[in-house]
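Taken in order, these protein sequences are the chains called A and B.
Following numbering that gives the first Met the number 0, the numbering of the first sequence begins with 0 at its first residue and continues without gaps.
Following numbering that gives the first Met the number 0, the numbering of the second sequence begins with 0 at its first residue and continues without gaps.
There are 2 protein chains.
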Amino acid sequence: MAFQPNSERRKLIMVTITTIGFDADDTLWESEIYFADVERKFLELMEAYTVELDAKERLYSTERDNLERFGYGVKSFTISMIECAHHLTEGELRSDDSMQIIQWGKELMQHPVELISGVQETLEKLDQTFSMLIITKGDPLHQRQKASLSGLMQYMNGIEVLMEKNSASYAEILKNYRIEPNTFLMVGNSLRSDILPVLKIGGHALHVPHELTWEHENDLGTPSALPNFTTLERITDLPELLEDFPLPEKQ
Amino acid sequence: MAFQPNSERRKLIMVTITTIGFDADDTLWESEIYFADVERKFLELMEAYTVELDAKERLYSTERDNLERFGYGVKSFTISMIECAHHLTEGELRSDDSMQIIQWGKELMQHPVELISGVQETLEKLDQTFSMLIITKGDPLHQRQKASLSGLMQYMNGIEVLMEKNSASYAEILKNYRIEPNTFLMVGNSLRSDILPVLKIGGHALHVPHELTWEHENDLGTPSALPNFTTLERITDLPELLEDFPLPEKQ
């Protein structure tokens with residue numbers, strides 16, 4: 000079995016899904032691997048200064064503290080690295096290391112768009128039956144560039160780049176596209192951003208975990224606080240999951 | 000006379016305007032004064048390093064070079080200042096000065112939203128007759144925060160934050176809102192972003208200059224390359240300009 004049936008799955012089959020929303024980073028294409036690679040280089044750089052604090056924990060807390068002011072995305076991450084390095088090195092960060100960090104930021108903005116295995120054929124199958132949207136967050140410039148480079152926009156009815164993926168922002172999208180929540184399925188790798196807010200407004204959600212997911216996205220306290228949701232091992236199992244059920248004609 | 004009549008004005012009165020788009024930064028509220036203040040502090044900081052190059056010119060060229068990768072807005076400006084300082088100081092930028100620049104960035108994200116004189120009452124008058132949109136560019140998080148703090152959203156049918164204000168992006172907005180270009184008037188302080196691309200797609204545009212406008216926005220080569228457009232001294236003259244003409248009922 001490719002999916003774990005649970006009570007949420009029973010709910011899923013009782014309704015007609017017409018629109019599927021896809022998270023992008025680490026659901027359709029690789030993203031965290033590039034951030035993780037820069038983080039690794041950053042930690043190496045900090046080691047060279049023989050810093051005494053836990054650099055990884057400090058970087059995460061700097062990023063988290065800057066979220067409200069600077070939001071998600073590469074530019075915010077770049078600024079957070081410089082700020083964190085300043086504190087870790089107790090004000091001894093060398094100018095060319097600041098510049099190195101900025102250079103990593105520039106490279107992150109231009110990393111290749113590598114589709115996650117099976118995404119292309121999965122979307123091609125689903126395209127015959129469903130309306131599809133990319134619903135992502137972060138830097139709109141960067142996200143739209145990646146969407147364009149991905150070649151996946153041919154399957155999509157639109158792309159929405161949110162500042163924060165919460166119930167209110169999902170509700171606004173569904174309203175704008177005139178989608179009833181109970182006909183909407185969101186697919187993504189983040190419990191915080193893709194699953195919980197969609198379930199909360201009466202939509203459906205499928206969790207497709209990624210090997211690497213930024214700590215912030217699944218940092219939700221005790222598992223007992225989580226409601227039921229369906230988990231798929233691979234996105235390629237999605238058409239099969241939806242296949243057995245009465246499907247709508249595509250409008 | 001509050002406005003300079005020219006051939007463009009004649010065109011304006013021949014049609015029925017139903018929707019007015021407003022640029023935000025330096026059209027509805029002050030923005031460049033805060034960037035200019037940070038730029039002044041940045042140049043003072045560079046003076047303390049006795050740099051030999053033209054710091055102002057170098058900052059502008061760094062910002063311009065980073066536009067394609069990092070886009071507009073405070074985060075991009077912050078990264079550009081650090082990069083520029085690294086080069087100007089020949090790699091001698093001190094860590095606490097990098098941190099000072101980041102601090103300026105944080106303050107820029109939180110500057111007060113100060114409406115330009117007369118904006119509130121002008122929008123209140125126009126609200127009786129026209130649909131209105133804010134059409135701005137830059138950092139969506141920051142722009143939406145400012146719009147919300149401005150108290151002006153009560154007059155607006157929407158806000159659009161573009162990556163780049165060009166003919167294609169204006170055309171997309173008009174299509175999404177189902178607005179015919181010849182019924183649309185754009186009001187703003189930037190020739191590059193608010194006037195030329197709107198005229199190009201058959202819309203109307205009013206230039207309301209601001210004392211301070213970022214060089215990039217009006218850096219368009221020789222004046223002879225510019226088409227006709229109407230200039231208003233003050234945004235408060237807008238209702239009067241539109242008053243004399245047959246006006247539509249608001250839908």
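C-beta atoms are modelled at their ideal positions from N, C-alpha and C, and glycine is treated no differently.
Coarse secondary structure for residue i, derived from DSSP in three states
| i | result |
| --- | --- |
| A/Ile-19 | strand |
| B/Gly-201 | coil |
| B/Phe-129 | coil |
| A/Ile-134 | strand |
| A/Leu-44 | helix |
| A/His-141 | helix |
| A/Ile-234 | helix |
| B/Met-155 | coil |
| B/His-206 | strand |
| B/Gly-70 | coil |
| A/Gly-117 | coil |
| B/Thr-229 | strand |
| B/Leu-161 | strand |
| A/Gly-187 | strand |
| B/Asp-53 | coil |
| A/Asp-25 | coil |
| A/His-110 | coil |
| A/Thr-182 | helix |
| A/Pro-222 | Residue confidence for A/Pro-222 is low, a pLDDT of 47 falling below 50, so the modelled location carries little weight and cannot support an answer. |
| B/Thr-61 | helix |
| B/Glu-239 | helix |
| B/Thr-77 | helix |
| A/Tyr-33 | helix |
| B/Glu-82 | helix |
Inter-residue Cα distance where the pair is residue i and residue j
| i | j | result |
| --- | --- | --- |
| B/Asp-95 | A/Pro-139 | 31 angstroms |
| B/Phe-255 | A/Phe-34 | Absent from the model: residue 255 of chain B. The displayed extent of chain B is 0 to 250, so no value can be given. |
| B/Arg-57 | B/Ile-101 | 19 angstroms |
| A/Leu-161 | A/Ser-168 | 7 angstroms |
| A/Pro-111 | A/Leu-205 | 26 angstroms |
| A/Leu-27 | A/Asp-126 | 15 angstroms |
| B/Arg-191 | B/Glu-38 | 22 angstroms |
| B/Leu-92 | A/Trp-103 | 18 angstroms |
| A/Gly-187 | A/Asp-22 | 5 angstroms |
| B/Pro-60 | B/Ala-54 | The amino acid at residue 60 of chain B is misidentified as Pro; the sequence shows Ser. In a straight line, the C-alpha of B/Ser-60 is about 10 angstroms away from that of B/Ala-54. |
| B/Glu-239 | B/Lys-124 | 10 angstroms |
| A/Arg-233 | A/Met-108 | 27 angstroms |
| B/Ile-115 | B/Tyr-154 | 16 angstroms |
| A/Glu-46 | A/Lys-40 | 10 angstroms |
| B/Glu-29 | A/Thr-17 | 45 angstroms |
| B/Gln-142 | B/Lys-136 | 8 angstroms |
| A/Ser-189 | A/Pro-208 | 7 angstroms |
| A/Glu-51 | A/Glu-242 | 55 angstroms |
| B/Ser-307 | B/Asn-156 | Within the shown structure, residues of chain B are numbered from 0 to 250, placing residue 307 of chain B beyond reach of any answer. |
| A/Ala-170 | A/Glu-89 | 45 angstroms |
| A/Lys-174 | B/Asp-25 | 32 angstroms |
| A/Lys-74 | A/Glu-67 | 14 angstroms |
| A/Ile-172 | A/Ile-19 | 12 angstroms |
| B/Ala-146 | B/Met-152 | 7 angstroms |
Neighbour list for residue i in chain A, Cβ cutoff strictly below 7 angstroms
| i | result |
| --- | --- |
| B/Pro-139 | Pro-139, Met-162 |
| B/Ile-101 | Ile-78, Ile-81, Glu-82 |
Partner residues on chain A for residue i, Cβ-Cβ distance less than 9 angstroms
| i | result |
| --- | --- |
| B/Met-310 | Since the first residue of chain B shown is 0 and the last is 250, residue 310 of chain B is not available in this structure. |
Test: residue i CB closer than 7 angstroms to a CB of chain B
| i | result |
| --- | --- |
| A/Lys-74 | yes |
| A/Thr-230 | no |
Within chain B, the residues that residue i reaches when beta carbons sit closer than 8 angstroms
| i | result |
| --- | --- |
| A/Arg-143 | Met-162 |
Proximal chain B residues relative to residue i, where beta-carbon distance stays under 7 angstroms
| i | result |
| --- | --- |
| A/Lys-105 | Arg-68 |
Proximal chain B residues relative to residue i, where beta-carbon distance stays under 9 angstroms
| i | result |
| --- | --- |
| A/Met-108 | Arg-68, Phe-69 |
Residue i at chain A interface by Cβ criterion, 7 angstroms
| i | result |
| --- | --- |
| B/Asp-95 | yes |
| B/Thr-17 | no |
Any non-hydrogen atom of the ligand MG within 6 angstroms of residue i CB
| i | result |
| --- | --- |
| B/Arg-233 | Questions concerning the ligand MG fall outside what the structure shown contains, since it holds no ligand whatsoever. |
Any 3 or more C-beta pairs closer than 8 angstroms across the region 77-89 of chain A and the region 118-125 of chain A: no
The region 171-185 of chain B touching the region 188-205 of chain A, judged by at least three CB pairs closer than 8 angstroms: no
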